[in-house]
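Residue numbers (full-length UniProt numbering), protein chains in the order written: chain A, 1 to 248; chain B, 1 to 248; chain C, 1 to 248; chain D, 1 to 248.
Protein chains: 4
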Amino acid sequence: MSADLVTSPDPSHPANLIPSLCAKFWHLGWVTGTGGGCSIRDDDLVYIAPSGVQKELMKASDLYVLSLAAQQSASLSRRQRVYLRAPESGLKPSQCTPLFLAAFTKRRAGCCIHTHSQWAVLVTLLLEAGSGEKEFRINNIEQIKGFGRGFEKSGNLGYHDTLVIPVIENTAHEEDLTEFLEEAMDRYPDTYAVLVRRHGVYVWGENVHKAKTQCESLDYLFQLAVEMKKLGLPWITQIEPVVPTRTE
Amino acid sequence: MSADLVTSPDPSHPANLIPSLCAKFWHLGWVTGTGGGCSIRDDDLVYIAPSGVQKELMKASDLYVLSLAAQQSASLSRRQRVYLRAPESGLKPSQCTPLFLAAFTKRRAGCCIHTHSQWAVLVTLLLEAGSGEKEFRINNIEQIKGFGRGFEKSGNLGYHDTLVIPVIENTAHEEDLTEFLEEAMDRYPDTYAVLVRRHGVYVWGENVHKAKTQCESLDYLFQLAVEMKKLGLPWITQIEPVVPTRTE
Amino acid sequence: MSADLVTSPDPSHPANLIPSLCAKFWHLGWVTGTGGGCSIRDDDLVYIAPSGVQKELMKASDLYVLSLAAQQSASLSRRQRVYLRAPESGLKPSQCTPLFLAAFTKRRAGCCIHTHSQWAVLVTLLLEAGSGEKEFRINNIEQIKGFGRGFEKSGNLGYHDTLVIPVIENTAHEEDLTEFLEEAMDRYPDTYAVLVRRHGVYVWGENVHKAKTQCESLDYLFQLAVEMKKLGLPWITQIEPVVPTRTE
Amino acid sequence: MSADLVTSPDPSHPANLIPSLCAKFWHLGWVTGTGGGCSIRDDDLVYIAPSGVQKELMKASDLYVLSLAAQQSASLSRRQRVYLRAPESGLKPSQCTPLFLAAFTKRRAGCCIHTHSQWAVLVTLLLEAGSGEKEFRINNIEQIKGFGRGFEKSGNLGYHDTLVIPVIENTAHEEDLTEFLEEAMDRYPDTYAVLVRRHGVYVWGENVHKAKTQCESLDYLFQLAVEMKKLGLPWITQIEPVVPTRTE
Chain A
1 MSADLVTSPD
11 PSHPANLIPS
21 LCAKFWHLGW
31 VTGTGGGCSI
41 RDDDLVYIAP
51 SGVQKELMKA
61 SDLYVLSLAA
71 QQSASLSRRQ
81 RVYLRAPESG
91 LKPSQCTPLF
101 LAAFTKRRAG
111 CCIHTHSQWA
121 VLVTLLLEAG
131 SGEKEFRINN
141 IEQIKGFGRG
151 FEKSGNLGYH
161 DTLVIPVIEN
171 TAHEEDLTEF
181 LEEAMDRYPD
191 TYAVLVRRHG
201 VYVWGENVHK
211 AKTQCESLDY
221 LFQLAVEMKK
231 LGLPWITQIE
241 PVVPTRTE
Chain B
1 MSADLVTSPD
11 PSHPANLIPS
21 LCAKFWHLGW
31 VTGTGGGCSI
41 RDDDLVYIAP
51 SGVQKELMKA
61 SDLYVLSLAA
71 QQSASLSRRQ
81 RVYLRAPESG
91 LKPSQCTPLF
101 LAAFTKRRAG
111 CCIHTHSQWA
121 VLVTLLLEAG
131 SGEKEFRINN
141 IEQIKGFGRG
151 FEKSGNLGYH
161 DTLVIPVIEN
171 TAHEEDLTEF
181 LEEAMDRYPD
191 TYAVLVRRHG
201 VYVWGENVHK
211 AKTQCESLDY
221 LFQLAVEMKK
231 LGLPWITQIE
241 PVVPTRTE
Chain C
1 MSADLVTSPD
11 PSHPANLIPS
21 LCAKFWHLGW
31 VTGTGGGCSI
41 RDDDLVYIAP
51 SGVQKELMKA
61 SDLYVLSLAA
71 QQSASLSRRQ
81 RVYLRAPESG
91 LKPSQCTPLF
101 LAAFTKRRAG
111 CCIHTHSQWA
121 VLVTLLLEAG
131 SGEKEFRINN
141 IEQIKGFGRG
151 FEKSGNLGYH
161 DTLVIPVIEN
171 TAHEEDLTEF
181 LEEAMDRYPD
191 TYAVLVRRHG
201 VYVWGENVHK
211 AKTQCESLDY
221 LFQLAVEMKK
231 LGLPWITQIE
241 PVVPTRTE
Chain D
1 MSADLVTSPD
11 PSHPANLIPS
21 LCAKFWHLGW
31 VTGTGGGCSI
41 RDDDLVYIAP
51 SGVQKELMKA
61 SDLYVLSLAA
71 QQSASLSRRQ
81 RVYLRAPESG
91 LKPSQCTPLF
101 LAAFTKRRAG
111 CCIHTHSQWA
121 VLVTLLLEAG
131 SGEKEFRINN
141 IEQIKGFGRG
151 FEKSGNLGYH
161 DTLVIPVIEN
171 TAHEEDLTEF
181 LEEAMDRYPD
191 TYAVLVRRHG
201 VYVWGENVHK
211 AKTQCESLDY
221 LFQLAVEMKK
231 LGLPWITQIE
241 PVVPTRTE
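Take a look at the structure:
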């Protein structure tokens, strides 16, 4: 029965999607050397990539599955989890688990992705070197339209809107990031991502499609921002909107 | 019948080509996070990638198809379209549609590609930082030969010719770019591409082969130009032509 | 019988793993133009990629195999080897052989990888230009957790730990690196890698999984370090640990 | 019969190798937008990729084949060729043909590769900006060992040897490069490559293996050289050889 949870002929089943997504992320340089991870929530079931696996070689049978409701009702320390199924391969649960759960419980996200993208790390380093800033801000770039306006808000950001991604400081133990991630979610109710200084980024979305495309758009903006810095170009600008003359 | 429009065993059929091209473009970083797009015109039929799809996962059944003649005869606002077929997946039409149509109607193009290439965006930012220039100009690079001399002109540009790509300012709504794109086409009758500041580039050609190879050559030149800027190398130079001594 | 040593239907057999790993390394730019190599130890048997082969095209039948015990007991010069099996293709043994053996004998490694990664080379050049430093040092980057604490030590490095990789000078003949590699192993008993100035890096691990993921993490850090240098960011910083307020 | 020249089930047949190599080169960014090319000589038969084809889509049936002896005996202008077989697809012969033939006739090469690699172009631009230098020189980098010592010489370059690649100025018409390429071959009898300013590089070797691996090693060195320039590191250095203390 527990095997059933990760056995499906459907390539879009979470147990098949996580390995195919992680292989794609490995090729993008987001989950190098077993870093980073991915989790999908299907109603009450949460599928999580395990710790310490080569992401391009992951199999459905490597996944952990837990019940969100059971997890929340159980009066457990944040370090304790009750899993509906664990891999026989002996792989450990991901240290990202409480952070993924934060996105599912506080934002009702359907998918959460954690990358160690070098562009994300470099952006946090550039902000730190600036004045220890706690926000990545960029505006007037078309790709910003790739982000939703916010939790329970319809529509996407506009070209002239400023995308703001909070930055939290890294902790020695990944689970200890949870309270700071949750604080950032509270302070930035509309954000779909949180940068972790010198570590990487957490990105989520209503569903796999939105989490993945928002993660791609964000990595695009991080890389662009690093190249802009090399070329002495500012991340924030004032631009007069261009108004079409045609009326229709 | 509408299904027939996108059902063919021929890999070179537009309905099969657009998904395979978009998957290739995704790997090149041109259509990250559902950005960018592609359209092919087969005589009167126009095949268009939909909005908001993961480009590496697109299927023929996701495509929109419209009749160019019907579209032009219909007295419709530019925002209204009559489609011969729409995807059942509920995907929205691409906001790039009127821009693709401009290439088909004003240039009789057979294919138009829109990328969010970071190199294209960086080139527009470097020009803006320079003096708000409205043209990207580069000469004396072999790859310039990859471009036709112009609309209804035979032959390609030469090594010593200056490639000139107009830059238009971005608008809040992509459709609003149309009039500015069309103006740029009028002012630059021989260009095969228009850069959009802080957004990306539109590239077209007589057929898929020419649109795709011109788009590749242009992205090559944009990346080269950005690297040249990092290294303090000018984009425009005066070079004495080298004349062969042999007579034949 | 000698054929049997490299004939197996199991993709995780060393004779099948080395070619698939080397093809992956080629795509990562680690073993360009026949540079670099890889060796796996299975108990007493050592499988070694040959010299001068295109790494993305290697076949199991191209491999050399030797017995570690026989090799050690034989009173041979370091240049002489007794192979249990050699390729019929006439490919020469790898000049890296004595260096791979050093990792197997001095560290009981299960796998050793040698790359010519440009990031590794650039890091050694930056250190040389600094003050001829003999160590690459970086701290306070999450990816550092990708490394074990050291030979026969359990657990991994922590986020605040400083990763130290010794650098040895390159020699005209690769075999001559062996004594310097072994000296570095003696001086840095806990290191899993040694950089070779203007050449590349040797990385090992208890097994293939650990050697490969440590090599990935190290290349990630080398590339990050080069980008940090371009952006004027220091590799070593003093950071106050962030302590979680929650008690559990 | 002419079809037979390019019809073989053997993947290592030149007619099958050229398409598979060109697809690989396209993914390396060497033959973007139909630029660059490749030719293989099998005894008297010369197989040549045609002009204007998308390199990742090339087929064996697209190739031209000519007889080297017939070509040389025929008293033809360098622009005239007698082909044993031409593609039915109507693709034009490559303008690189006389340059490939120069490598086959003057060096008895078995394969010649022409890339538009951006790293090659940037290296020629950096030399031009320096003082219009006509040579790329680099030493004390391990990858230099990837090159043969020279035409009809045995062995490879050593770590401390200086790799010298001549640079010729680009001409308006690619065929016109031939006399300058041949002059460079005469002045640099041991070189396996010639850089073309603002254009790319020609690389050859005794056989496909050597041409391809030397081209990879050279591109590796060009990219490394560009990165070194960004980081203020010199291409030429004086280094005291490291001598092993062990005697064997």
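All residues carry an ideal CB built from backbone N, CA and C; glycine is no exception.
Please read all numbers here as calculations on a predicted model, not as lab measurements.
- Under the DSSP definition of a beta bridge, Gly-205 of chain B partners with B:Cys-111.
- From the beta-carbon of Tyr-159 of chain D, the residues of chain C found nearer than 7 Å are Asn-170 and Ala-172.
- Using a Cβ distance threshold of 8 Å, Leu-122 of chain B and Leu-122 of chain D do not count as a contacting pair.
- DSSP places Pro-19 of chain D inside the alpha helix (DSSP H), whose first and last residues are 14-27.
- Residue state for Leu-157 of chain B is assigned as coil, using DSSP reduced to three classes.
- With contacts defined by Cβ atoms closer than 8 Å, Phe-151 of chain B and Asp-176 of chain B do not form a contacting pair.
- Just measuring C-alpha positions, the residue of C:Met-228, C:Leu-21, C:Asn-16 and C:Leu-17 sitting nearest Leu-127 of chain A is C:Met-228.
- Proximity of chain A to Glu-179 of chain B at the Cβ level (cut-off 8 Å) is accounted for by Pro-244, Thr-245 and Arg-246, in chain order.
- At a cut-off of 8 Å between beta carbons, Ala-225 of chain B makes no contact with chain A.
- Within the stretch 136-148 of chain A, the residues whose Cβ lies closer than 7 Å to any Cβ of chain B are, in chain order, Asn-140, Ile-141, Glu-142, Gln-143 and Gly-146.
- Secondary structure note for Thr-178 of chain D: it is in no beta strand (DSSP E), and the uninterrupted alpha helix (DSSP H) holding it is 177-187.
- Distance from Leu-68 of chain C to Arg-41 of chain C at the Cβ level is roughly 7 Å; contact confirmed, criterion being Cβ atoms closer than 8 Å.
- Arg-198 of chain B reaches chain A at Asn-140, Ile-141 and Glu-142, counting residues in chain order whose Cβ is nearer than 7 Å.
- Here Ser-94 of chain D is near Ile-48 of chain D, since their CB atoms are less than 8 Å apart.
- For Thr-162 of chain A, the secondary structure class from DSSP, reduced to helix, strand or coil, is strand.
- Contact annotation for Leu-231 of chain C against chain A: Leu-122, Leu-125, Leu-126, Ala-129, Val-226, Lys-229 and Lys-230 [CB-CB distance below 9 Å, chain order].
- Between Gln-143 of chain C and His-114 of chain A the beta-carbon gap is near 13 Å, outside 8 Å, which marks them as no contact.
- Closer than 8 Å to the CB of His-114 of chain D there is not a single CB belonging to chain C.
- Distance check between Val-82 of chain D and each of D:Gly-90, D:Ser-89 and D:Thr-97 places D:Thr-97 closest, using alpha-carbon atoms only.
- Three or more beta-carbon pairs drawn from the stretch 154-172 of chain D and the stretch 194-212 of chain D are found closer than 8 Å, and the two stretches are therefore classed as touching.
- DSSP, reduced to helix, strand and coil, places Glu-135 of chain D within a strand of the structure shown.
- Here DSSP, grouped into helix, strand and coil, assigns Asp-42 of chain B to strand.
- Chain order gives no chain D residues near Thr-162 of chain B, where near means a beta carbon separation below 7 Å; the closest approach is about 13 Å.
- Just measuring C-alpha positions, the residue of B:His-209, B:Gly-52 and B:Thr-124 sitting nearest Ser-89 of chain B is B:Gly-52.
- With distances taken between CA atoms, Lys-153 of chain A lies nearest to A:Glu-206 out of A:Glu-206, A:His-173 and A:Glu-183.
- For Asp-219 of chain C, the nearest beta carbon of chain D is not closer than 8 Å to its own beta carbon.
- Taking 8 Å as the CB threshold, Gly-33 of chain C lines the interface with chain D.
- For Gln-54 of chain B, the chain A residues whose C-beta falls within less than 9 Å of its own C-beta are His-209, Lys-212, Thr-213 and Glu-216, listed in chain order.
- In terms of beta-carbon proximity, Gln-72 of chain A stays away from the interface with chain C, with every pair separated by 8 Å or more.
- Of the candidates D:Ile-138, D:Val-46 and D:Trp-30, the residue whose Cα lies closest to the Cα of His-160 of chain D is D:Ile-138.
- Contact annotation: Gly-35 of chain D and Gly-146 of chain B have beta-carbon atoms nearer than 8 Å.
- Around the beta carbon of Ser-217 of chain B, 16 or more other beta carbons lie within 10 angstroms, which makes this residue buried.
- Its Cα nearest to that of Met-58 of chain C, the residue C:Leu-17 stands out among C:Leu-17, C:Val-46, C:Ala-74 and C:Leu-66.
- Secondary structure of Gly-148 of chain A (DSSP, three-state): strand.
- For the C-beta of Pro-241 of chain B, the chain D residues within less than 7 Å are, from N- to C-terminus, Ala-172.
- Between Gln-118 of chain A and Leu-224 of chain C, the C-beta gap is smaller than 8 Å, which places the two residues in contact.
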